[in-house]
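According to our numbering, the sequence shown is numbered sequentially starting from 1. The beta carbon of each residue, even a glycine, is placed where N, CA and C say it ideally should be. Below is one structure, written out as structure tokens, with a few remarks after it.
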Amino acid sequence: MYKGGYTGKILRINLTEQTAKEEKLPLETAKDFIGGAGFGIKYLYDEVPAGTDPLGPDNKLIFAPGPFSGTAVPCASRMTITSKSPLTGAVGMALTGGYFPVELKFAGYDALIVEGKAEKPTYVWIKEGEVKFRSAEKLWGMKTTDTQQIIKNQLNDQNVRIACIGPAGENLSRIACIVNEFRTAGRKGLGAVMGSKNLKAIAVRGKETVSVADKDGLKAAIKEFTKAMRESPVLYPQFSKTGTPMVVDATGAIGIFPTKNFMATGEYVPVDKLGVEVQMTRNVGSEHCYGCPVGCSQLNRAKNGVYAGILSEGPEYETYYSFGGVTGVDNIDAIIAADRLADELGLDTISSGVAIAFAMELYEKGILSKKDTGGLELTFGNHEAMMTLLKMIAFQEGIGGILADGTKVAAERIGKGAEKYAMHVKGLELPGYDVRGAKAHGLNYATAYTGADHNRGYAFQEIFGIPIPYEVDRFASEGKGKLTKWNQDVRTATCDCPTMCAFLLDMAVAGFATQNTASLLKAVTGLQYTPEEVEKVGERINNLARAFNVREGFTRAEDTLPERLMAEPLKGGASKGQRVSKEDLNLMLDEYYTERGWDIKTGAPTREKLTELGLAYVADAVKS
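Written as structure tokens, this is what we have:
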């Protein structure tokens, strides 16, 4: 039995019936899936049948921190939110940090499952084992910061932690996110799922402590862990001071910072306008997630023009890409303002920015007219139009109402060949890496169970040149199937499940990640794992997620990349001439499926593989 790390309780809330009940966390679930993404995907597969409407009452939202959350393990205030994505129809799993994840543990729960639909706008108040359903009718329409503050005032407690949606989620934009503090579970449209349930917010307060199995063992494991953090040449000397935005300079240097809807990558590289040196002129401090000594989240204040004085916790690297590079906007103050606006409206910055860049290219190519845009001059670099369009997306107004469902659906609605310019995989917009110059990163985009998601199998070997588990040539196709499987499984098991900040994998513990997780799990929970068994947990979860998608009708055909990345070589920069040809992609997919033990023709997990992973009960559904 587990002896620590877990509270042993799952809270199930039914909004239709306005009921809440506690369930025991089974030992097998804890051992086989650890927590976080593991719990989310396990409950999603078991409880959300094939064909479920993502915006219907039968879809579920599963909030799950991990066993490290709320303990002395640093950088572990992380939580996954899992649902069937309304944007992709596949598994929708997003992560968030801040303080809400540990507060859910302090309230006594290893996971929160939300089902059904409230009759009227509602928020849920969870405190010390008691659950109340409160009216959110006066909160409906509010932005996220106001929502959180009003709820804290109503509850007379400024230390309540709140996860909420903004107008975008209320209006069922499929690129809406869930916001807690200024942290976001940003991708896959989970804010729309919350909005479809008439659920404005979840407020949590707890006073419990999270016990651990072996206090002395935990001290020893943390000592090894923090030693690696201190010895990292990047984590404290650079990352803690600049955060993820330093990646603008890194991707610019290797020619993969995407610009102008991936048309101008390598040719137009606005590092002089958006790089670290300029970023630091706007920096006014940093924020820490609970229990994090790094404090990578940067506070930035716009300085000039109409945006002067606007403060944002961010932008992160991906937002410098999505509201900067990919839209052609090089006004750093506009990007800071757009980041804050998206957080307030409850919009995912990546999908929003890529959708706007898509519209900009259509406008410049004459596929969209000024009449179509409602008078907006949607040219690349027009930051005023970008700010206006963000509001139109959140409130489903005009062209914004078309873009609010993401680029895949928008392209289908617009027609006229617009599909060619929609930069997505499985409906999820591409993150900020032009994978023509990083092939394993591209294979991860194609195969990740959530769609084009850099966080599912981040190829730090290619982006930063880290030779773990071995050195790679970022332009080569051979060997990338094996590498991508390793990246996906190790990241899942060591970051997404325990739960742990993934930046530590990239910058500090990559060389002993599975051993580090095994040592911490033994000390925290009392459960024994070898490093190989930790990695096997990641493999199990990736197979179960794949099985969910196969059950929804996904096949090898959906494991692809946008036409532009396969047909058009990069025209400039350090990756000039590179592309991911169909031959490259097929070679990598064949290798990847072989490494995974999946059927090469369909991309489905085989009965033998599922049985090996303890998922024999899944095999019949996959076969059918």
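Query                                                                                                                                   : Result
Inter-residue Cα distance where the pair is F182 and T80                                                                                : 16 angstroms
Proximity winner among G243, G266 and K31, relative to A253 (alpha-carbon distances)                                                    : G266
Status (buried if at least 16 other CB within 10 Å, exposed otherwise) for T555                                                         : exposed
Alpha-carbon to alpha-carbon, A111 and F548                                                                                             : 20 angstroms
Alpha carbon of K223 to alpha carbon of N304, nearest angstrom                                                                          : 45 angstroms
I162 - containing beta strand (DSSP E), residue span                                                                                    : R161 to C164
CA nearest to the CA of A446, picked from Y593, A76 and G70                                                                             : Y593
Contact check, A337 vs A302, beta carbons under 8 angstroms                                                                             : yes
Buried versus exposed, by CB contacts within 10 Å (16 or more), R413                                                                    : exposed
Backbone CA spacing between C75 and G66 [nearest angstrom]                                                                              : 12 angstroms
Local conformation of A459 per DSSP, three classes                                                                                      : coil
Inter-residue Cα distance where the pair is G603 and G465                                                                               : 30 angstroms
In chain order, each alpha helix (DSSP H) run of at least 4 residues that lies wholly inside the segment 164-252                        : 167-170, 190-196 and 215-231
For P467 and V435, the rounded distance between their alpha carbons                                                                     : 19 angstroms
Alpha helix (DSSP H) segments (min. 4 residues) lying fully within the segment 325-353                                                  : 332-345
Selected residue, minimal CA-CA separation from M392, among D272, G400 and M386                                                         : G400
Nearest candidate by alpha-carbon position, reference N300, set G291, C292, V306 and G285                                               : G285
Residue closest to P469, alpha-carbon to alpha-carbon, out of C497, T450 and L505                                                       : L505
Exposure label - A567; buried when at least 16 CB within 10 Å                                                                           : exposed
Residue of G451, A513 and E535 minimising C-alpha distance to P562                                                                      : G451
Segment contact, 8 angstroms Cβ cut-off, at least three pairs: the segment 165-177 with the segment 33-41                               : no
Bridge partners - G577, DSSP secondary structure assignment                                                                             : Paired residues: none, contrary to the question.
L430 beta carbon less than 8 angstroms from that of K188                                                                                : no
Beta-carbon proximity of F133 to T147, cut-off 8 angstroms                                                                              : no
Contacting residues, own chain, Cβ-Cβ under 6 angstroms from I402 (five flanking each side not counted)                                 : A410 and R413
Contacts around N543, its chain only, beta-carbon distance under 6 angstroms, and the 5 residues preceding and following it disregarded : P605 and L613
Beta-carbon proximity of Y99 to R161, cut-off 8 angstroms                                                                               : yes
DSSP state of G92 mapped onto helix, strand, coil                                                                                       : strand
Cβ neighbours of G481 in the same chain (closer than 6 angstroms, five flanking residues each side left out)                            : M588, E591, Y592 and E595
Limits of the unbroken beta strand (DSSP E) element including R669                                                                      : Any question about residue 669 goes unanswered here, given that the chain covers just 1 to 624.
For N300, three-class secondary structure by DSSP                                                                                       : strand
Beta-carbon proximity check, L199 vs V114, cutoff 8 angstroms                                                                           : yes
Nearest neighbour of Q154, chosen from G129, F262, G479 and W125 [CA to CA]                                                             : W125
Contacting residues, own chain, Cβ-Cβ under 6 angstroms from A574 (five flanking each side not counted)                                 : I254 and G255
Alpha-carbon spacing of A64 relative to F380, whole angstroms                                                                           : 39 angstroms
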